[in-house]
Every structure is written in C-alpha cells, then in structure tokens.
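The listed protein sequences derive, respectively, from chains A and B. So the first sequence is numbered by my numbering: it starts at 30 and just counts up by one. So the second sequence is numbered by my numbering: it starts at 27 and just counts up by one.
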Amino acid sequence: MNRGQRRRHEIVWLILAPLLVAILVTALAYRPDAPAAPREAIFGEGR
Amino acid sequence: MSARYVAVQWNRRKVAYDLVVVAAVLLYTQVFQLVGRRVFPEGAEVNSQILAMRAWGSCAYLMLTAILAIGPLARLDRRFLPILYNRRHLGVIFFLVALWHARQVLGFYHAYGPISELASLFTYDAAFTPSSMPFQLFGAAALAWFAVMAATSHDFWQRVMGARAWKTLHMGIYAAWALVVAHVAFGALQRDSVPVWTGGVALSVVVVAGLHLLAARRSRRPDRTPAPERTDGDDAWLDAAALEDLEDGRPLTVVPPRGERLLLLREGDRVTALGAVCAHQGGPLDEGRVIDGCLTCPWHGWQYRGADGHSPPPYEERIPTHRVVVREGRVLVDPRPCALDRPAEPCRTTGEETR
C-alpha cells in the first residue's frame with residue numbers, strides 16, 4: 030500500500046468501527062417485544 | 027502473476043483449496059440443518075426452509091468474516107501469510123453462497139404474491155423505524171456490491187481499470203460488510219433472541235474492526251520516523267541504515283520524508299534499493315522475502331529481481347530502483363528513482379566503496 034492508502038485505510042476503520050457498534054446496539058435496543066415470524070412481518074397475518 | 031490472461035489459472039494447490047472450501051461449506055450447512063431440526067422440531071415456527079436459509083446465510087457471514095480477517099492477520103503476523111493465498115477464490119465462493127441464500131429467501135418470502143419476486147423485495151411495506159428496518163434491502167445492496175467485486179476479481183479487470191481504481195472499488199467491501207451487519211442485526215438478531223447469534227455477531231464485529239485498526243496503526247507507524255537526509259555536494263541522500271543491520275535476502279524498510287517507501291536488499295556482497303510498492307496491487311514488498319532469487323510480494327507472490335527491479339521473463343512488470351552508496355558503514359540511498367528502463371547499478375560492499 031502506498032502512503033495515501035495506508036492513511037485512508039486507518040480513517041475508514043476509525044469511522045466504520047463505531048458505526049458498526051452503533052448499528053448493533055440500536056438493533057438490539059429496539060428489538061420488538063413480541064417478535065413476529067418473518068413471513069408475517071412481511072405479508073401480515075393470514076396470508 | 028501471469029504473462030497473459032486466461033479465465034482462471036488452475037494449479038493443484040488452487041484446486042485442492044477450492045475443493046476444501048466447497049466441502050467445508052456443504053458440511054457446515056448440512057450440520058447446521060441437522061442440529062436445527064433437533065432444536066426446532068417440524069411444525070415449530072422455524073421450519074426446514076427457514077433453517078436452510080439460515081444455514082447458508084450464516085455460512086456466508088462466517089466466510090465474509092474470515093475473508094475480512096485474513097488481511098490484517100497477515101499484516102500483524104507473518105505466519106498467517108499462507109492463508110492469504112487464493113483469497114479471491116474464497117471471495118467468489120462466498121458470493122455464490124450468499125447468492126444461494128438470497129435465492130432461498132426470494133423463493134420463500136416473495137414467490138407467492140401477484141408481483142415478481144424482485145418487485146416484492148423492493149416494494150414490501152417496511153417502515154424505517156429502529157424496530158422495523160427493511161433489513162432485506164441491506165442484504166440485497168450488499169449482494170449487488172459483492173456481485174460487482176466477484177465479476178471484477180480477475181487480474182484482467184485490474185489491468186483494464188488500473189490498479190488504483192480497481193483497489194478503490196474492492197475497498198468497497200468494507201461498506202458492503204457494514205450493510206451485511208445491518209442486515210443481520212435488524213433481521214435475525216431483532217427477531218430471534220438467541221444469545222449465540224447475538225454474541226457471535228458482536229464478537230465478529232469487534233474482531234474484524236479491531237484487527238483492521240491494529241494493522242492500520244502498525245503499518246503507519248514507520249511513516250512517522252523517516253530516514254534523515256544527508257547532502258553530498260549537489261545530491262541529497264537518505265541515511266537509510268547501518269550496513270551491518272542488513273540481513274542477507276531480507277528486505278529492510280526505508281521511509282523517505284516524502285513519497286513512497288523504499289527497501290534495501292542485500293544479496294551477498296550486493297546492496298540494492300527498490301521501490302517497496304508492488305506493481306500488482308500495491309502490496310508491501312518490504313514485507314516480502316527472497317524466493318528463487320527474486321524478491322517476492324507477500325500478497326500474491328509477484329516477483330522482482332533485486333538487481334534491476336524487473337520481473338523475471340516472461341513477465342514484464344517493473345518497480346523503480348534507486349542509487350545506493352556505502353559510506354563509513356552507513357547505507358545511503360538516493361530518494362529519487364531511476365528511470366524504469368535504466369535501473370541503478372547495485373552497490374558492491376567489498377573493496378572500494380562505490381556509487
């Protein structure tokens with residue numbers, strides 16, 4: 030890798046790491062209380 | 027490394043590698059479904075089709091995690107370099123596994139309505155709230171990116187696009203990975219409270235991100251301590267190293283104050299200075315080693331002669347050479363590269379000091 034690629038690589042991960050942690054924490058924090066089956070979540074009940 | 031392009035260059039090791047990967051994929055997905063049927067008996071909420079989807083989906087996730095971890099592991103510890111070999115084949119097989127997972131999802135959740143499967147995927151009513159995100163679209167977007175990467179993985183496309191554009195395109199794997207994590211987090215993790223899934227995904231994020239940050243920090247560290255400059259008449263030289271610090275056949279990194287890294291290579295009584303960026307994908311030649319008399323890139327095995335920076339025939343790649351002198355036990359390097367077709371003469375360490 031050249032000098033610019035090394036710098037960009039570090040910057041990308043300094044942004045990506047907290048972003049991924051935020052995605053995970055958000056998804057788990059907003060987990061529905063009564064999870065629906067995936068098919069019902071998409072089509073609604075009775076379909 | 028190839029002098030001309032063929033669709034895929036096979037050899038015994040590549041065939042064996044691919045067969046092992048395919049066998050591991052089949053074994054994993056079958057074992058997953060066998061165990062799943064015991065945990066979720068027929069008639070439960072999770073039926074055999076959903077189990078198959080999860081088997082192939084989780085297999086693709088594990089493969090992607092491994093693919094992303096291989097690079098920084100090899101940078102942090104040379105013992106991992108052999109598993110870097112053939113990583114592109116692993117990437118293409120991963121894409122096919124992910125594609126099969128997507129095919130199963132479309133066939134199960136989107137095949138029974140009046141509109142086409144793809145139209146159903148992109149138009150189903152999902153609100154953008156933290157507890158109801160369109161997680162399937164995240165997966166679809168990531169899969170589209172992986173399709174582009176798989177289609178352009180051959181060196182032919184790198185030559186057509188240019189190394190920099192090709193590398194930038196393939197760096198998009200990190201964004202695609204973020205989409206996959208969102209796909210899994212807002213999909214499987216929100217709908218199923220299975221601690222193993224949650225812990226596994228969280229661990230994969232910490233490991234992959236942590237390894238990349240560690241490797242990035244370590245690879246940038248030498249940039250902060252460039253070699254000091256010395257002037258000799260009108261010429262400026264880099265005071266690169268003590269001659270006694272050069273080990274035979276083992277490149278030594280030289281960081282100039284400006285420009286790209288160089289390397290010093292001692293082969294017997296001959297010392298040469300070469301550019302440290304591989305002509306193939308910008309791999310770190312200063313982390314390579316001498317194999318069959320040629321400096322070999324640790325990433326994909328591209329080779330260069332130490333004497334002139336040329337790849338051995340029939341290959342035609344070249345890396346720049348730099349003038350070297352030895353003065354009072356110190357190795358001095360001219361930071362300006364010589365023209366590719368007029369490589370610098372190697373410096374002999376025996377007898378009179380030469381330039």
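Yeah, the Cβ is synthetic: ideal placement off N, Cα and C, and Gly gets one too. Just so it is clear, the structure is predicted and the values come from calculations on it, not from any experiment.
Residue i in three-state terms, based on DSSP
{"i": "residue 366 of chain B", "result": "coil"}
{"i": "residue 320 of chain B", "result": "strand"}
{"i": "residue 335 of chain B", "result": "coil"}
{"i": "residue 329 of chain B", "result": "strand"}
{"i": "residue 380 of chain B", "result": "Unreliable placement is indicated for residue 380 of chain B, whose pLDDT of 48 sits below 50; the coordinate value is still reported in the next sentence. Reduced to three states, the DSSP call for residue 380 of chain B is coil."}
{"i": "residue 71 of chain B", "result": "coil"}
{"i": "residue 392 of chain B", "result": "Here chain B comprises residues numbered 27 to 381, so residue 392 of chain B is not present and cannot be evaluated."}
{"i": "residue 85 of chain B", "result": "helix"}
{"i": "residue 352 of chain B", "result": "strand"}
{"i": "residue 60 of chain A", "result": "coil"}
{"i": "residue 347 of chain B", "result": "strand"}
{"i": "residue 357 of chain B", "result": "strand"}
{"i": "residue 76 of chain A", "result": "Low per-residue confidence applies at residue 76 of chain A: pLDDT is 42, beneath 50, and the placement is therefore not dependable, though the value from the model is reported in the following sentence. Coil at residue 76 of chain A, not helix or strand."}
Neighbour flag for residue i against chain B, beta carbons, 9 Å
{"i": "residue 35 of chain A", "result": "yes"}
{"i": "residue 75 of chain A", "result": "Confidence at residue 75 of chain A is low in this model, with a pLDDT of 48, below 50, so its placement is unreliable and the value that follows should be read with caution. It does not: the Cβ of residue 75 of chain A has no partner Cβ on chain B nearer than 9 Å."}
{"i": "residue 60 of chain A", "result": "yes"}
Assumed close pair residue i, residue j - CB separation to whole angstroms, cut-off 8 Å
{"i": "residue 220 of chain B", "j": "residue 50 of chain A", "result": "In fact, because the Cβ distance is near 20 Å, the residues do not count as touching under 8 Å."}
{"i": "residue 272 of chain B", "j": "residue 347 of chain B", "result": "Going by Cβ atoms, the distance from residue 272 of chain B to residue 347 of chain B rounds to 16 Å, so no, they are not a contact pair."}
{"i": "residue 374 of chain B", "j": "residue 295 of chain B", "result": "6 Å"}
{"i": "residue 166 of chain B", "j": "residue 195 of chain B", "result": "Actually they do not touch by this definition, with Cβ atoms about 19 Å apart."}
{"i": "residue 212 of chain B", "j": "residue 161 of chain B", "result": "4 Å"}
{"i": "residue 359 of chain B", "j": "residue 302 of chain B", "result": "Incorrect: roughly 12 Å between the Cβ atoms, too far for contact."}
{"i": "residue 364 of chain B", "j": "residue 349 of chain B", "result": "7 Å"}
{"i": "residue 168 of chain B", "j": "residue 115 of chain B", "result": "At roughly 20 Å, the Cβ-Cβ gap does not stay under 8 Å, so residue 168 of chain B and residue 115 of chain B are not in contact."}
Minimum Cβ-Cβ distance from residue i to chain A less than 9 Å
{"i": "residue 228 of chain B", "result": "yes"}
{"i": "residue 66 of chain B", "result": "no"}
{"i": "residue 212 of chain B", "result": "yes"}
{"i": "residue 216 of chain B", "result": "yes"}
{"i": "residue 238 of chain B", "result": "yes"}
{"i": "residue 303 of chain B", "result": "yes"}
{"i": "residue 181 of chain B", "result": "no"}
{"i": "residue 243 of chain B", "result": "yes"}
{"i": "residue 362 of chain B", "result": "no"}
{"i": "residue 158 of chain B", "result": "yes"}
{"i": "residue 378 of chain B", "result": "Note that residue 378 of chain B has pLDDT 45, beneath the 50 cutoff, so the model's placement of it is unreliable and the number below is only indicative. No, because no Cβ of chain A sits closer than 9 Å to the Cβ of residue 378 of chain B."}
{"i": "residue 283 of chain B", "result": "no"}
{"i": "residue 204 of chain B", "result": "yes"}
{"i": "residue 342 of chain B", "result": "no"}
{"i": "residue 84 of chain B", "result": "no"}
{"i": "residue 222 of chain B", "result": "no"}
{"i": "residue 350 of chain B", "result": "no"}
{"i": "residue 339 of chain B", "result": "no"}
{"i": "residue 113 of chain B", "result": "no"}
{"i": "residue 280 of chain B", "result": "no"}
{"i": "residue 310 of chain B", "result": "yes"}
{"i": "residue 155 of chain B", "result": "yes"}
{"i": "residue 219 of chain B", "result": "yes"}
{"i": "residue 287 of chain B", "result": "yes"}
{"i": "residue 208 of chain B", "result": "yes"}
{"i": "residue 200 of chain B", "result": "yes"}
{"i": "residue 197 of chain B", "result": "yes"}
Chain D contact for residue i (CB, 9 Å cutoff)
{"i": "residue 347 of chain B", "result": "Going by chain labels, chain D is absent from the structure shown, which instead holds the protein chains A and B."}
*Segment contact, 8 Å Cβ cut-off, at least three pairs: the stretch 75 to 91 of chain B with the stretch 122 to 135 of chain B*: yes
*asked:* Could you tell me which whole alpha helix (DSSP H) segments of length 4 or greater appear in the stretch 112 to 193 of chain B?
replied: 113 to 135, 143 to 149, 161 to 177 and 181 to 187
_With three or more beta-carbon pairs closer than 8 Å as the criterion, would you say the stretch 98 to 106 of chain B touches the stretch 54 to 69 of chain B?_
Judged by Cβ distances under 8 Å, the stretch 98 to 106 of chain B makes no contact with the stretch 54 to 69 of chain B, as fewer than three pairs qualify.
*Hey, is the stretch 321 to 330 of chain B in contact with the stretch 306 to 313 of chain B, meaning 3+ C-beta pairs nearer than 8 Å?*
yes
*the stretch 49 to 62 of chain B / the stretch 168 to 178 of chain B touching (three or more Cβ pairs under 8 Å)*: no
*Take every Cβ of the stretch 333 to 340 of chain B, pair it with every Cβ of the stretch 239 to 252 of chain B, and state whether three or more of those distances are shorter than 8 Å.*
no
*Hey, which unbroken runs of the alpha helix (DSSP H) at 4 residues or more fall wholly within the stretch 250 to 316 of chain B?*
none
_Contact between the stretch 101 to 121 of chain B and the stretch 246 to 258 of chain B (3+ Cβ pairs under 8 Å)_ = Verdict: no, contact absent.
*Does the stretch 37 to 54 of chain A come within contact of the stretch 224 to 238 of chain B, defined as at least 3 CB pairs closer than 8 Å?*
yes
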